[in-house]
Amino acid sequence: MNTPSLASLSLTELRKLMQTWGLPAFRAQQVLDWRNKGILDLNAMKNIPTAVKVTLEENIQVQPLQLVSKQKSNDGTRKYLFALNRAGQAKKYIETVFIPEESRGTVCISSQAGCVLDCPFCHTGTQKFEGNLTAAEIVAQVLAVKADLLADSMMNGLYPHVSHIVYMGMGEPLANEHEVFQSLSLLMATDYLHLSRRRITLSTSGLLPQIERLGKDFPVNLAISLHSAINEHRNILVPINQKYDLISLRKCLNAYPLAKSRHITLEYVMLQDVNDTEESLQALIKFVTPERERVNLIRFNSYPGSIYQGSATSVINKFAKTLISKGIRATVRRSRGDDIMAACGQLKTVKLGE
């Protein structure tokens with residue numbers, strides 16, 4: 004039987020456990036009030052008696068993650084390296100990023116240690132896949148960031164709280180469907196973080212059956228790692244395209260349920276002489292359904308050993324201008340945290356000093 008985790012217990016579940024342990028059921032609400040603030044350190048739960056803390060320590064997993072290191076970017080972005088606390092197993096590591104802006108704070112969470120896919124332009128793809136994260140380990144990343152923001156205040160002018168979640172960290176979320184869906188349930192639960200689905204975005208390379216189930220059960224904001232609208236090119240850049248090609252992806256996107264005034268985001272990393280040609284631009288224009296999708300052009304963030312180079316700013320701007328002229332919503336994503344290897348496509352768990 005798996006040991007329950009404080010990070011993923013519902014109020015009903017913890018109340019039952021309290022009763023099983025011979026403790027007052029009302030203590031469950033007190034403990035989860037702390038948990039929902041991001042506090043998993045039992046010593047910091049001031050109104051919890053020692054006997055309750057000892058019982059929790061002995062019977063459940065209190066801390067799913069161990070903070071190994073934290074880095075701060077010049078722009079306020081924070082990157083965290085966590086070790087998974089798994090008894091009897093070799094250490095596995097993941098990275099999480101907090102991206103603050105003036106009016107929002109976004110946590111970029113990981114769903115796998117490494118990644119099952121081998122997209123050649125992504126740094127995470129060069130890391131060996133070491134396993135799926137549990138729902139508790141996924142939501143614990145959000146809790147850890149909340150706790151850090153309480154302990155280490157954000158620089159002036161930047162939003163000091165967690166308001167949005169993006170599944171854009173390490174791994175392919177929909178390749179870990181069960182645990183990711185469970186984590187979504189926890190994040191949106193009224194007795195947990197109670198986040199609106201409008202504040203959660205899941206990015207996928209295009210696992211179509213899973214996208215269909217996501218739309219049915221948890222229709223959060225959807226982002227697709229497109230990167231090319233030419234099958235022959237996307238087969239290389241996003242190998243899952245060899246199984247689910249662009250025609251199949253188009254049909255799937257047409258059916259995905261959208262909240263009012265929302266669009267699916269098509270992510271497009273701009274790679275010099277690979278997907279930034281006129282042929283690539285025209286194919287992208289043909290693929291997009293403007294009423295349902297917007298294009299997010301992403302500057303390529305380099306990493307050691309990469310065979311790719313990013314497109315010139317003039318080429319990126321041309322893409323954006325042309326897309327907009329065709330009635331397509333297009334933006335150029337501003338890189339955040341690239342000075343600490345925390346930007347899009349740069350995550351890979353390398354411990355400081357290695």
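Position one of the sequence shown corresponds to residue 4 (this note's numbering), numbered consecutively onward.
Positions of the beta carbon are idealized from the N, C-alpha and C atoms, including for glycine.
Since we're looking at a predicted model, the values are computed, not measured.
Collapsed DSSP secondary structure at residue i in the structure displayed
i    : result
S251 : helix
H236 : helix
K94  : coil
F101 : strand
N135 : strand
E215 : helix
Q312 : coil
K82  : strand
T352 : No answer about T352 holds up, because its pLDDT of 45 lies below 50 and its placement is not dependable.
R107 : coil
R336 : strand
Q115 : strand
M171 : coil
I327 : helix
N88  : coil
V165 : coil
L12  : coil
V241 : coil
T23  : helix
A226 : strand
Closest by C-alpha distance to residue i, when choosing among the options
i    : options                : result
A192 : A154, V142, A232       : V142
V55  : Q275, S113, L35, T268  : L35
A86  : S314, A116, G308       : A116
L205 : V223, S199, G218, H197 : V223
C255 : P103, T99, T6, E296    : E296
S166 : M173, K321, S199       : S199
V272 : I250, Q312, R253       : Q312
G134 : V298, S113, L153, L70  : S113
L382 : L229, H236, R89        : Only positions 4 to 357 of the chain appear in the structure, and residue 382 is not among them; the question remains open.
First through last residue of the beta strand (DSSP E) which encompasses residue i
i    : result
Q69  : 68-75
L300 : 296-302
M158 : Where M158 is concerned, there is no enclosing beta strand (DSSP E), given that its DSSP letter is neither H nor E.
V55  : V55 -> not in any beta strand (DSSP E); alpha helix (DSSP H) instead, spanning 53-62.
L196 : Neither: L196 is in no beta strand (DSSP E) and is coded neither H nor E.
T268 : 267-273
Residue interval of the alpha helix (DSSP H) (run including residue i)
i    : result
T2   : Shown here, the chain extends from 4 to 357; a query on residue 2 therefore has no answer.
S186 : 180-191
N39  : 29-39
L210 : That residue, L210, is in no alpha helix (DSSP H); it is neither H nor E in DSSP.
beta-carbon residue i near the ligand SAH non-hydrogen atom, thresh 7 Å
i   : result
G79 : The ligand SAH is not part of the structure shown, which contains no ligands of any sort.
The region 243-255 contacting the region 269-285, beta-carbon criterion three pairs below 8 Å = The answer is no - the region 269-285 does not touch the region 243-255, with fewer than three Cβ pairs under 8 Å.
Any contact of the region 89-109 with the region 180-197, i.e. 3+ C-beta pairs under 8 Å?
-> no
Would you check if the region 26-45 and the region 4-17 touch, i.e. whether three or more CB-CB distances between them fall below 8 Å?
-> yes
Within the chosen definition, does the region 202-220 reach the region 38-57 through at least 3 CB pairs nearer than 8 Å?
-> As far as the Cβ criterion goes, the region 202-220 does not touch the region 38-57, which means the pair count is below three.
Cβ pair count under 8 Å reaching 3, the region 85-105 against the region 41-48 | no
Kindly confirm or deny that the region 147-155 and the region 87-98 touch, where touching means at least three C-beta pairs closer than 8 Å.
-> no
Tell me, please, whether the region 252-270 touches the region 224-238 by the rule of three or more beta-carbon pairs shorter than 8 Å.
-> yes
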